[in-house]
Every structure is written in structure tokens, then in C-alpha cells.
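To start, the structure itself, in C-alpha cells.
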Amino acid sequence: MSIVLNIFIFLIVLTVLVLVHELGHYWSARRLGITVEEFGLGFPPRFRSIKHKGTIYSLNYLPLGGFVRLKGESDPTISDGFASKGVLKRFLVIFAGPAMNFVLAIILFSVLATATDRIDSADIVIGAVSKDSPAELAGIKKGDILTSIGGVNLDDPKDFSKAFNLEPDEITKIFVSRNFETKEFSLVPRSNPPVGEGPMGIEVSLINVIYEEVAIWQSPYYGIVLAWDNTFLIYTEIGKWISGSKTPEITGPVGIAQITGEAAQAGLLPLVYLVAMLSLNLGILNLLPIPALDGGRIPFLFLELIRNGKRIPPSRERIVHAMGFAFLISLIIFVTLGVDIPRLLN
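Per my numbering: the sequence shown = residues -6 to 339.
Below, the structure is given as C-alpha cells:
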């Protein structure tokens, strides 16, 4: 698949994710009596715009985001403005964007649950063990059937991904079934394994798979379960980054475009799954307390509550968010030039 087509598909996916996110802010603001001055897709300069009932709807030249500009964002004296509303209403407007990304993820996971048969039960067999890997040094062999990893039993397929979310450089107990006998091993997963090898150094596949057809009326339940499980895994991963037990694996716009193209080439369902995961990640990352993101505005609301309604001066808050925005743009440029492009060339 050509690079141009990859970029085109990526821009469509990004547009959908951003549109859903900004619709959350837009809809909640309108419902709470806050005037929306502009709903923009992409970043200025403007390409086209129309004005309807006091709101400008704009299509902008830089297709890498979107925005909702609210009236009176920092002036509490404007009666129908954002800043004039109470803490709860402002929180709801801020939270509505990420919330819509969670809703989109649940919908897409529900579609996947209906479109594909659910694995009711399966065994995980080790197909290969890398030389000098933690698994080989511990005594694990090809053909062993995994039954437990790090205290997580592998009886239920929904626990498979959780079991393989290992703590690097910490002793992990592994139980396998070998010739109908249970054997216990201890190994230390690697934090930086060789290319093509995982932390343990094993390749696995599923055997004795039993599928269960999911009815349409059951799909919302499984959509919520999949969204919850993946949210848990993402927050666990972020926790490892913060604690320093794992090095963050960051991908920029170019890398995401490449992955999106590969998913589209694999088929519609892999692409839907990727969009669901990107929407989930967008919702989660936007709630992190990072200035310039939605989550970066929430601490100012809590400070206002603690200070009995006394707000941080808007000028100071703008400076904090401007610094956060500059940091995020710098990070994107660094990741693109230092990670994405070299990875693409390799």
C-alpha cells in the first residue's frame, strides 16, 4: 500500500476521531447554555466556513486536529460564556470530549463482537522458544501449554492479554502443562528484548479453540467489557512508564499513519479494531493532567473548589497551557524525526 494512500486513510481516521471528540464538547456546551463561537475541523488558516445561528463552522487547512471555541472562555462576566458557569458545568464540558471517544470505542468494539465469533475457551501453546531467552534459561520448552503467568490463570480468554502484560525485570512465576503434568518455572522478563522477541522470548498460538457466536443484543455488553479491559491495560502501561519500570514506546503521526495503512491492508475488521483502540487511547490521554489537554484543565477546577471559588488568574492558566502545547508540539516533532521516520526507512 502506497504512502499516499496510508496518509489518506490516516487522515480519514483522524478526522473521525477528532470530530467525535469535539462533538462532545460542542453538544455539552450547547446543552448547558454556553455559546459556541466556532466549531473547527483542522487548524487555521481557514479553507471554508459558514455561520449558522451564531456559530462558525470551519474547515481548516491543517488536517491534524480540531477545536471548539467557546464564548467567554476566560471571562466570567459574560453570562452565556464558559467561564461564567459553575465548576460542575465546566467539568462536564471538558469531560464530554474524552467521554465521546470512549463511547465510540464501545460502539466499535460492539460491532467487532457481533462481526466475529467470540473465543469461549482455548489453550495457549508455546510454538517456539528463543535461544538464551529467559524462557529457555528457565527450562520452558516448545509444546508446553501455558496455564498461569504471574498469578493470572489462563482459563478465561479475556485474561490472556492481562497475563502477558508483564512487569519487566521482576521474578515471574510461570505454570505450564507438559505431558499432562503441571510444572512451575520462574523467570525475569526483559525490559528491552531483542528485536522480534518478547520479554520472555516465546512465540505462542491458540489450540483447542471453541468459538461462541455473539448475538446482536449481547454485543453492547461485550463492547463495554472489551473497552474496560483495554482501558485497564493502557492505564497499567502508563503506570509502568511513570514508575520507570518500562520504557515508553511512543509513536507519532507518521508511525500511526503507517500502522493505519497496514491495518487497512489487512482488512476492514483490523482497521475497525485499530480505530477503536485509537479512540480509546485518545480519550485516556486527553484525561491525563497535562497542560493544553482536556485533563490539564481539570486540576484548575479542583484548585478553584479548594480555594472556595477563588480562581487562578486566566492569564496564568493560559501561560501554563501555552507551555504545555509547546511541549506537545516539540514532542511530536522529536518522535517524528527521531523515531517514526527512521523506523519507516528501516
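Note that the Cβ used here is the ideal one computed from N, Cα and C, for glycine as well.
(message) Using a 10 Å radius around the Cβ and a threshold of 16 neighbouring Cβ atoms, would you call Thr165 buried or exposed?
(response) Residue mapping note: residue 165 aligns to position 172 of the sequence shown, counting from 1. Buried, since its Cβ has 16 or more Cβ neighbours within 10 Å.
(request) Could you tell me the distance, in whole angstroms, from the CA atom of Asn301 to the CA atom of Pro292? (result) Translated into positions along the sequence shown, residue 301 becomes position 308. Translated into positions along the sequence shown, residue 292 becomes position 299. The alpha-carbon atoms of Asn301 and Pro292 are separated by roughly 14 Å.
(request) With DSSP as the reference, label Ala115 as helix, strand or coil. (result) Looking up residue 115 in the sequence shown gives position 122. Three-state result, Ala115: strand.
(request) May I ask you to verify whether the segment 48 to 65 touches the segment 16 to 35, counting CB pairs closer than 8 Å and requiring at least 3? (result) yes
(message) For a quick check, are the C-beta atoms of Glu133 and Val122 less than 8 Å apart?
(response) In the sequence shown, counting from the first residue as 1, residue 133 sits at position 140. In the sequence shown, counting from the first residue as 1, residue 122 sits at position 129. One point to set straight first is that residue 133 is Ile, not Glu, in the sequence displayed. Yes, these two residues count as a Cβ contact at 8 Å.
(message) Runs of 4 residues minimum, wholly inside the segment 165 to 190: which ones carry the alpha helix (DSSP H) assignment?
(response) none
(message) Just to confirm my understanding: we take Val247, look at its own chain, exclude 5 residues before and 5 after, and list those with CB closer than 7 Å. What are they?
(response) Against the sequence shown, residue 247 aligns to sequence position 254. Its chain contains Thr329, Asp333, Ile334 and Leu337 as the residues whose beta carbon lies nearer than 7 Å to that of Val247, once the 5 sequence neighbours on both sides are disregarded; these appear in chain order.
(message) Is it the case that the segment 203 to 211 contacts the segment 95 to 108, given that we only count it when at least three CB pairs across the two stretches are under 8 Å?
(response) Touching, per the Cβ criterion.
(request) Could you round the C-beta distance between Gly79 and Tyr54 to whole angstroms and report it? I think they count as a contact, below 8 Å. (result) Residue mapping note: residue 79 aligns to position 86 of the sequence shown, counting from 1. Residue mapping note: residue 54 aligns to position 61 of the sequence shown, counting from 1. Not really, about 37 Å apart at Cβ, beyond 8 Å.
(request) Take Val212 and list the residues in its own chain whose beta-carbon comes closer than 8 Å to its own, dropping the five residues that flank it on each side. (result) For this step, residue 212 is matched to residue 219 along the sequence shown. According to the sequence provided, residue 212 is Ser. The question's Val does not apply to it. Around Ser212: Ser103, Val104, Ala106 and Thr107.
(request) Please list, in chain order, all residues of the same chain as Thr175 whose beta carbon is under 8 Å from its beta carbon, the five residues on each side excluded. (result) Within the sequence shown, residue 175 is the residue found at index 182, counting from 1. Within the same chain, Thr175 has close Cβ partners Thr140, Phe168 and Val169.
(request) On a CA-only basis, which of Ala285, Met270, Pro187 and Val197 is nearest Phe225? Give me that one, please. (result) For the purposes of this step, residue 225 is identified with residue 232 of the sequence shown, where counting begins at 1. Of Ala285, Met270, Pro187 and Val197, the residue nearest in Cα terms is Met270.
(request) Give the range of the beta strand (DSSP E) segment to which Val61 is assigned. (result) Counting from 1 along the sequence shown, the entry for residue 61 is found at position 68. Judged by DSSP secondary structure, Val61 falls within the beta strand (DSSP E) whose first and last residues are Thr48 to Leu63.
(message) Taking a contact to mean a Cβ-Cβ separation below 8 Å, would you say Ile100 touches Gly276 in this structure?
(response) Position 107 of the sequence shown holds residue 100. Position 283 of the sequence shown holds residue 276. Taking 8 Å as the Cβ cut-off, Ile100 and Gly276 do not qualify as a contacting pair.
(message) Rounded to whole angstroms, what is the Cα-Cα separation between Gly288 and Asp125?
(response) Within the sequence shown, the letter at position 295 stands for residue 288. Within the sequence shown, the letter at position 132 stands for residue 125. Approximately 44 Å between the Cα atoms of the pair.
(message) Would Gly254 and Ile325 qualify as a contact pair, given that the criterion is a beta-carbon distance under 8 Å?
(response) Within the sequence shown, residue 254 is the residue found at index 261, counting from 1. Within the sequence shown, residue 325 is the residue found at index 332, counting from 1. Contact: no.
(message) Could you tell me the alpha carbon to alpha carbon distance between Ala98 and His14, rounded to whole angstroms?
(response) Within the sequence shown, residue 98 is the residue found at index 105, counting from 1. Within the sequence shown, residue 14 is the residue found at index 21, counting from 1. C-alpha separation (whole angstroms): 12 Å.
(request) Given a cut-off of 8 Å, decide if Phe153 and Ile117 are closer than it, judged by their beta-carbon atoms. (result) As a first step, residue 117 is located in the sequence shown; it is residue number 124 there, counting from the start. As a first step, residue 153 is located in the sequence shown; it is residue number 160 there, counting from the start. By the CB criterion at 8 Å, Ile117 and Phe153 fall inside the cutoff.
(request) Report all residues from its chain with a CB closer than 7 Å to the CB of Pro38; omit the five preceding and five following residues, and keep chain order. (result) By 1-based counting over the sequence shown, the position of residue 38 is 45. Counting only residues of its own chain and dropping the five nearest sequence neighbours on each side, Pro38 has a CB closer than 7 Å to the CB of Asn53 and Tyr54.
(request) Rounded to whole angstroms, what's the CA-CA distance from Asp222 to Tyr266? Just pull it up for me. (result) Within the sequence shown, numbered from 1, the residue matching residue 222 stands at position 229. Within the sequence shown, numbered from 1, the residue matching residue 266 stands at position 273. Near 14 Å, if we compare the C-alpha coordinates of Tyr266 and Asp222.
(request) Would you be able to state if there are at least three C-beta pairs under 8 Å between the segment 83 to 95 and the segment 144 to 153? (result) No, they do not touch.
(request) Measure the CB-CB distance between Gly120 and Val197 and report whether it falls below 8 Å. (result) To locate residue 120, count along the sequence shown from 1; it is residue 127. To locate residue 197, count along the sequence shown from 1; it is residue 204. In contact: Gly120 and Val197 (Cβ atoms closer than 8 Å).
(request) Would you mind reading off the limits of the beta strand (DSSP E) that contains Ile142? (result) Position 149 of the sequence shown holds residue 142. Residues Ile138 to Ile142.
(message) At a cut-off of 7 Å, would you count Ile99 as near the ligand ATP, judging by its Cβ distance to the nearest heavy atom?
(response) As for the ligand ATP, it is missing from this structure, which has no ligand bound.
(request) Return helix, strand or coil for Phe84, following the three-state DSSP convention. (result) Your numbering for residue 84 matches position 91 in the sequence shown. Phe84: helix per DSSP, three-state reduction.
(request) Report yes if the C-beta distance between Arg290 and Ser67 is below 8 Å; otherwise report no. (result) The sequence position of residue 290 within the sequence shown is 297, counting from 1. The sequence position of residue 67 within the sequence shown is 74, counting from 1. Contact: no.
(message) Going by DSSP in three states, Asn274 sits in which element: helix, strand or coil?
(response) Against the sequence shown, residue 274 aligns to sequence position 281. Looking at Asn274 - three-state DSSP - the assignment turns out to be helix.
(request) Report the rounded CA-to-CA distance for Gly260 versus Phe178, giving the unit in angstroms. (result) By one-based count along the sequence shown, residue 260 stands at place 267. By one-based count along the sequence shown, residue 178 stands at place 185. Rounded to the nearest angstrom, the two C-alpha atoms are 39 Å apart.
(request) State the DSSP-derived secondary structure class of Gly245, mapped to helix, strand or coil. (result) By one-based count along the sequence shown, residue 245 stands at place 252. Gly245 falls in the coil class under three-state DSSP.
(request) Note down the Cα distance separating Trp234 from Ile27, rounded to an integer number of angstroms. (result) Start at 1 with the first residue of the sequence shown, and residue 234 comes out as number 241. Start at 1 with the first residue of the sequence shown, and residue 27 comes out as number 34. Cα to Cα, Trp234 sits roughly 38 Å from Ile27.
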